[in-house]
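Going down the list, the sequences are from chains W and B. Quick note: the first sequence uses our numbering, first residue 1, plus one each step. Quick note: the second sequence uses our numbering, first residue 365, plus one each step. Ideal Cβ positions, reconstructed from N, Cα and C, are used throughout, including at glycine. Values in this document were obtained by computation on a predicted structure and should not be read as measured data.
Number of protein chains: 2
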Amino acid sequence: MKIGILGAGQLARMIALAGFPLGLDFIFLDPSVDACANRLGEHLHGDYSDPVLLAQLVECADVVTYEFENVPAQVVDYLAEHTKVYPPAKALEVAQDRWVEKNFFQELDIPTAKFALVSSLEDLAFAMPTLGYPAILKSRTQGYDGKGQVVLKSEADLKSAWEIVQGAPSIVEAFVPFSREVSIIAARSVSGSVVFYPLSENQHQGGILRVAECRANDPMQAQAEDYLTRLLNALDYVGVLALELFEVEGQLIANEFAPRVHNSGHWTIEGAETSQFENHLRAILDLPLGSTAAIGNAAMVNFIGGLPEAKEVLAIANAHLHLYGKSPRKGRKVAHVTVRASNSESYRNSLEKLERLATQVDDS
Amino acid sequence: MKIGILGAGQLARMIALAGFPLGLDFIFLDPSVDACANRLGEHLHGDYSDPVLLAQLVECADVVTYEFENVPAQVVDYLAEHTKVYPPAKALEVAQDRWVEKNFFQELDIPTAKFALVSSLEDLAFAMPTLGYPAILKSRTQGYDGKGQVVLKSEADLKSAWEIVQGAPSIVEAFVPFSREVSIIAARSVSGSVVFYPLSENQHQGGILRVAECRANDPMQAQAEDYLTRLLNALDYVGVLALELFEVEGQLIANEFAPRVHNSGHWTIEGAETSQFENHLRAILDLPLGSTAAIGNAAMVNFIGGLPEAKEVLAIANAHLHLYGKSPRKGRKVAHVTVRASNSESYRNSLEKLERLATQVDDS
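Put into structure tokens, the structure is as follows:
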């Protein structure tokens, strides 16, 4: 059985590493010649919408999936016509456009921050008195890792913010005075079975995830599962989906969702009975889903911009290194390290050491 | 960093899967065109002693290792002259010849069964009155998975046994009335650090390993570590080594050792903090070794000759499937499944289900 993946970055790489033990082989389509998953299968090198490469992908792969959500709509349509593609096109359409996404949340009675559509500087100026400052201007499409987002502190920021997003169709969102950021990851199989991972508590900086920590038995787990269930059912979803949430005064409000395996779930490789990567594959192949139970304490620390020395990481007790085979570049995720330990004190010690190490090499 | 591996079977495959997260790439030398690790790196396809391929391996790889011990001596010599090769040639020389191996154990005061050298049918007849029946005739070289071994029940068996081993240089060993078979696996790094895994308790049938179960806190752990330490030091060993032992009346006696990752350690992928495959790589790269502590209960069941249905295996709680990407053939190891669970009852239930499944598909 061969799985086709659009994208051959670290997410595709970790999917493939989880897939070989299931007897799977892989074929990737990615425009980057040195895409880091390309050691793990055939690499179709070229544009995502190249009709020849897409035809090859359809020909070679039994099922196609994505490692990122910004796949052009016509590509998804082509693939869906010719082969099995998961997650479904609908999930990509919603996730690709913040305006559509926010409205989708609202239709499902999933609370969000207050927001307004912004098509012009006038729209922005009109919306602000209702939303209040601070607020965040976000381009409707193509945003990830904090890109295409500008904080608005006062009316004086509006014009420059509108220039920064280059007048792109946007939304403006009221700032949410959250006590913490969490995410919940689920896998839903072709035949509709669903499993939920324990919540991750996430620390971002500069719009990029830095640390994600498994929160088994979190008091907000049930509410998060409830919202995520609505989303999965409404999308008739297949695969792994991550929903990012803010906690505000004991309530969760939705930020965004990613129709794919997610950085805040990397700790599941060592910290859960079955990793998000394996469960994504099980889901799209309609195999029984694996247990998502946490094994002890687990957290993941991202390494951004700079690579750690392997020997320094591996000298830390309970540390599990994941290098992506990417060359370092400012702001680029090049590795993560998971700390997993049954003993809480040992876990805390190791996590602190790792966070220091990550800060040292981080240039972003 | 690129690792060269002689052999591209399932052991090489699992080494590579453990190596990608450490940022490693792989190149394999294997005569089989469809060797199952070949999706995970460059495959030099040809004979192990092909001078052109060996030169290519030396050129491409930073360090070379083996997935099996029957590498021709001249190959090891060539590699050792031109690059870093671990485990050391001495370990292969000893492990390749049962006569040398048994004597080596004896020199280190590691107890073994009584044995005698057999170069002719007369030698065999001469040795038997001292050893007694039953006994086992084993060819000195090329034996694995019970091949080249014949049980002698009485004097009447001697002639036919000698014919079965085709008059090959052999040893004859007294039968050991063991209560159980165990193995211990250690990793020793270039700079001499050593870690020991908890004992595995092993069930063989027809000379092939069927089930290996992690025995954390086994009363025989200390004695096993003592014997293995002598072996590691005497060989100035680097990498993972497995020592197979019999327990007889509360004492361990050595059967044989394998200078490589070992089937009885496959449960370490899910059942130990760090797998034997990762620790083998850490050892040969002189990186800090990872914790070998067991995580809950764990056992591994081999699938031999026939493939299980993935969905049947994955429907069993706590089961982790490892398909090797090999086509089934009588007596061939094509997959293993690890059961890992913190809860002992759930662990036992799953293990029983798996053993039944393995028996159903087993044609050997």
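B:D600 classed as buried or exposed, judged by whether at least 16 other C-beta atoms fall within 10 angstroms
Along the second sequence, read from residue 1 onward, the residue named residue 600 of chain B stands at position 236. That one is exposed.
> Measuring CA to CA, which of B:V703, B:L495, B:S503 is closest to B:I633?
Replying inline: Within the second sequence, residue 633 of chain B is the residue found at index 269, counting from 1. Checked all of B:V703, B:L495, B:S503; the closest Cα to B:I633 is B:V703.
Which of helix, strand or coil does DSSP assign to B:N434?
For the purposes of this step, residue 434 of chain B is identified with residue 70 of the second sequence, where counting begins at 1. Three-state result, B:N434: coil.
State yes or no: is the beta carbon of B:P451 nearer than 9 angstroms to at least one beta carbon in chain W?
Looking up residue 451 of chain B in the second sequence gives position 87. No, B:P451 lies away from the interface with chain W (no Cβ there is under 9 angstroms from its Cβ).
| message | Counting C-beta neighbours from all protein chains within 10 Å, is the total for B:S524 16 or more, i.e. buried, or is it exposed? | response | Working through the second sequence from its first residue, we reach residue 524 of chain B at position 160. Exposed, since its Cβ has fewer than 16 Cβ neighbours within 10 Å.
Discussion item. Assuming the contact rule is C-beta atoms closer than 8 angstroms, W:A341 and W:N318 should be a hit. Round their C-beta distance to whole Å, please.
Written reply: As a first step, residue 341 of chain W is located in the first sequence; it is residue number 341 there, counting from the start. As a first step, residue 318 of chain W is located in the first sequence; it is residue number 318 there, counting from the start. Between W:N318 and W:A341 the Cβ distance is about 4 angstroms, and since that is below 8 angstroms, they are a contact.
For this session: Under 7 angstroms between beta-carbons, which chain B residues line up against W:L321? List them in chain order, please.
Result: For the purposes of this step, residue 321 of chain W is taken as the residue at position 321 of the first sequence. Chain B residues near W:L321: P385, L386.
By the criterion of Cβ-Cβ separation under 7 angstroms, what are the contact partners of W:K311 in chain B?
Here residue 311 of chain W corresponds to residue number 311 of the first sequence, with the count starting at 1. L651, P652, listed in chain order.
* Asked: If you draw a straight line from the C-alpha of W:Y324 to the C-alpha of B:H626, how long is it?
  -> Residue 324 of chain W sits at position 324 when you count from the first residue of the first sequence. Residue 626 of chain B sits at position 262 when you count from the first residue of the second sequence. Those two C-alpha atoms are separated by around 27 angstroms.
Following the continuous beta strand (DSSP E) through W:N214, name the residue where it begins and the one where it ends. Residue mapping note: residue 214 of chain W aligns to position 214 of the first sequence, counting from 1. Residue 214 of chain W is actually Cys in this sequence, not Asn. Note, W:C214: beta strand (DSSP E), 208–215.
Is there a C-beta anywhere in chain W that falls below 9 angstroms from the one on B:D582?
For the purposes of this step, residue 582 of chain B is taken as residue 218 along the second sequence, with counting starting at 1. No, because no Cβ of chain W sits closer than 9 angstroms to the Cβ of B:D582.
Residue interval of the beta strand (DSSP E) (run including W:A156)
Position 156 of the first sequence holds residue 156 of chain W. For W:A156, there is no enclosing beta strand (DSSP E), as DSSP marks it with neither H nor E.
Closer than 9 angstroms, Cβ to Cβ, to anything on chain W: give me those residues from the stretch 389–420 of chain B, in chain order. D389, F390, R403, L404, G405
9 angstroms is my cut-off, CB to CB: does W:A315 come that close to chain B?
To locate residue 315 of chain W, count along the first sequence from 1; it is residue 315. Yes - at least one Cβ of chain B is within 9 angstroms of the one on W:A315.
(message) Along the chain, where does the alpha helix (DSSP H) containing W:R230 start, and where does it finish?
(response) The residue labelled residue 230 of chain W in the question sits at position 230 within the first sequence. W:R230 -> alpha helix (DSSP H) spans 221–235.
### Task
Sort W:Y227, W:A168, W:Q205 by Cα distance to W:A186 and report the nearest one.
Against the first sequence, residue 186 of chain W aligns to sequence position 186. When each option's Cα is compared against that of W:A186, the closest is W:Y227.
How would you label W:M1, buried or exposed, when you count the other beta carbons within 10 angstroms and need 16 or more for buried? The count along the first sequence starts at 1 and reaches residue 1 of chain W at position 1. W:M1 should be labelled exposed.
Self-check item: Bridge partners - W:V313, DSSP secondary structure assignment
Solution: For this step, residue 313 of chain W is matched to residue 313 along the first sequence. None, per the DSSP bridge assignment.
**Request:** Classify B:K690 as helix, strand or coil using the three-state DSSP reduction.
**Result:** Numbered from 1 along the second sequence, position 326 holds the residue referred to as residue 690 of chain B. Coil, per DSSP.
- request: Starting from the C-beta of W:Q149, find all residues in its chain whose C-beta is less than 8 angstroms away, skip the five residues before and the five after it, and write them out in chain order.
  value: The residue labelled residue 149 of chain W in the question sits at position 149 within the first sequence. So the list reads I136, L137, K138, S139, G143, G207, once near-sequence residues are dropped.
Where W:G271 falls, given that 16 or more other Cβ within 10 Å makes a residue buried: By one-based count along the first sequence, residue 271 of chain W stands at place 271. Answer is buried; the Cβ neighbour count reaches 16.
Practice item. Please list the partners that W:L17 has in chain B, where partner means a Cβ-to-Cβ separation under 8 angstroms. Key: Counted from its first residue, the first sequence places residue 17 of chain W at position 17. Within chain B, the residues near W:L17 are L381, F384, P385.
Worksheet item: Can we say the stretch 297–304 of chain W touches the stretch 354–363 of chain W, given the rule of at least three CB pairs closer than 8 angstroms?
Response: yes
field: CB of B:F392 within 9 angstroms of CB of B:A419, strictly
entry: As a first step, residue 392 of chain B is located in the second sequence; it is residue number 28 there, counting from the start. As a first step, residue 419 of chain B is located in the second sequence; it is residue number 55 there, counting from the start. Not a contact, by the Cβ cut-off of 9 angstroms.
* Are the stretch 232–252 of chain W and the stretch 173–180 of chain W touching by the rule of at least three beta carbon pairs closer than 8 angstroms? -> Three or more Cβ pairs closer than 8 angstroms define a contact, and the stretch 232–252 of chain W meets that threshold against the stretch 173–180 of chain W.
I'd like to check one pair, B:A382 with B:H568: are the Cβ atoms closer than 9 angstroms? For the purposes of this step, residue 568 of chain B is identified with residue 204 of the second sequence, where counting begins at 1. For the purposes of this step, residue 382 of chain B is identified with residue 18 of the second sequence, where counting begins at 1. Contact: no.
Cβ atoms of B:L651 and W:A310: under 9 angstroms apart, would you say? In the first sequence, the residue the question calls residue 310 of chain W occupies position 310. In the second sequence, the residue the question calls residue 651 of chain B occupies position 287. Yes, these two residues count as a Cβ contact at 9 angstroms.
Worksheet item: At a Cβ cut of 7 angstroms, what residues of the stretch 1–12 of chain W count as close to chain B, listed as they run along the chain?
Response: Answer in chain order: no residues at all.
- Query: At a Cβ threshold of 9 angstroms, is W:R340 touching chain B?
  - Reply: Start at 1 with the first residue of the first sequence, and residue 340 of chain W comes out as number 340. Yes, contact with chain B.
Relative to the C-alpha of B:Q374, which residue among W:F20, W:A216, W:L6 is closest? As a working note, residue 374 of chain B is residue 10 in the second sequence. Measuring from the Cα of B:Q374, the nearest candidate turns out to be W:F20.
Q. Counting pairs of Cβ atoms below 8 angstroms between the stretch 118–137 of chain W and the stretch 63–77 of chain W, do you hit three or more?
A. no
Subject >> Under 7 angstroms (Cβ pairs) to chain B, residues found in the stretch 253–268 of chain W >> reply: none
query = Count the other CB atoms within 10 Å of the CB of W:Q276; is the residue buried (16 or more) or exposed (fewer)?
reply = Taking the first sequence and counting its residues from 1, one reaches residue 276 of chain W at position 276. By the 10 Å Cβ count, W:Q276 comes out buried.
Checklist entry - Could one say the Cβ of B:N682 lies closer than 9 angstroms to chain W's Cβ atoms, at least one of them? => result Against the second sequence, residue 682 of chain B aligns to sequence position 318. Chain W contact via Cβ: present.
B:E486: buried (16+ other C-beta within 10 angstroms of its C-beta) or exposed? If you number the second sequence from 1, residue 486 of chain B lands on position 122. Its Cβ having fewer than 16 others within 10 Å, B:E486 is exposed.
>> Quick check: the Cα distance between W:R348 and W:P198, rounded to an integer number of angstroms?
In response: For the purposes of this step, residue 348 of chain W is identified with residue 348 of the first sequence, where counting begins at 1. For the purposes of this step, residue 198 of chain W is identified with residue 198 of the first sequence, where counting begins at 1. Each residue's Cα considered, the two are about 19 angstroms apart.
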